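Numbering (our numbering), first residue to last: 9 to 93.
Quick reminder that beta carbons are idealized off the backbone N, C-alpha and C, glycines included.
Predicted model only: the values in this text are computed from it and were never measured.
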């Protein structure tokens, strides 16, 4: 008969730390911090805006006519056309 030696179990490795197993909790921003962040983001976005005033309706119609999905695409198209003149 064959002799059976003692059986050994392998240790179970610990789980890797993920967002779900992390020990620390994400700190929530206060209302004042949220307002400040929003104000800063709005200020940065406002620097890239262009007011086209009365031409807004014509802009939308041209964008629809040419089939562009964004204002940026139409702007680049018009700039490229202007540079070719």
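Look at the alpha carbon of residue i and the alpha carbon of residue j, and state the distance between them as a whole number of angstroms.
i, j, result
"residue 92", "residue 86", "10 Å"
"residue 16", "residue 24", "24 Å"
"residue 35", "residue 58", "37 Å"
"residue 84", "residue 78", "10 Å"
"residue 41", "residue 73", "43 Å"
"residue 39", "residue 50", "16 Å"
"residue 62", "residue 68", "11 Å"
The alpha helix (DSSP H) that contains residue i, what's its start and end?
i, result
"residue 45", "39-54"
"residue 16", "Neither: residue 16 is in no alpha helix (DSSP H) and is coded neither H nor E."
"residue 86", "79-92"
"residue 69", "64-74"
Within 10 angstroms of its Cβ, does residue i collect 16 or more other Cβ (buried), or is it exposed?
i, result
"residue 82", "buried"
With H, G and I counted as helix, E and B as strand and the rest as coil, what does DSSP make of residue i?
i, result
"residue 23", "coil"
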